[in-house]
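A quick write-up on the structure given underneath.
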Amino acid sequence: MNRRFLAILLFLTSFVPLKAQLQLSSSAKISLMTGEAWPGAVYALFGHTALWVHGDTTGVDAMFNYGFFDPTQPHFIYH
Numbered sequence: 084m085n086r087r088f089l090a091i092l093l094f095l096t097s098f099v100p101l102k103a104q105l106q107l108s109s110s111a112k113i114s115l116m117t118g119e120a121w122p123g124a125v126y127a128l129f130g131h132t133a134l135w136v137h138g139d140t141t142g143v144d145a146m147f148n149y150g151f152f153d154p155t156q157p158h159f160i161y162h
């Protein structure tokens with residue numbers, strides 16, 4: 084049952100045109116945003132960084148964050 088479903092799904096998705104990348108115009112802005120470190124909590128000692136992509140003509144306005152954490156991971160340091 085699972086193999087049949089997977090085969091049908093793979094067959095059907097092979098006909099869908101894929102476009103993985105959006106072309107940005109020359110007026111697009113890519114900014115590196117870095118937040119200041121804060122000594123008030125262990126998780127904020129090193130600051131926070133994000134990439135911001137903003138394209139006026141394409142309508143792209145996206146931010147890609149770095150520095151998130153999962154407090155359920157082993158060896159996580161609680162404040």
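Residue numbers for the sequence shown follow our numbering, so the first one is 84 and each next one is one higher.
The beta carbon of each residue, even a glycine, is placed where N, CA and C say it ideally should be.
Within the same chain, show all residues whose beta-carbon is closer than 8 Å to that of residue 155, passing over the 5 residues directly before and after it, in chain order. No residues qualify anywhere along the chain.
Which residues bound the alpha helix (DSSP H) around residue 72? Residue 72 lies beyond the stretch modelled for the chain, which goes from 84 to 162, so this question has no answer here.
Assuming residue 132 is part of the alpha helix (DSSP H), what are its boundary residues? No alpha helix (DSSP H) contains residue 132, which is instead part of the beta strand (DSSP E) from 131-138.
Under the assumption that residue 107 contacts residue 120 (Cβ atoms under 8 Å), give the Cβ distance between them as a whole number of angstroms. That belief does not hold up - the Cβ atoms of residue 107 and residue 120 are roughly 31 Å apart, past 8 Å.
Closest to residue 149 by C-alpha separation, out of 143, 130, 142, would be which residue? By alpha-carbon distance to residue 149, the top candidate from 143, 130, 142 is 130.
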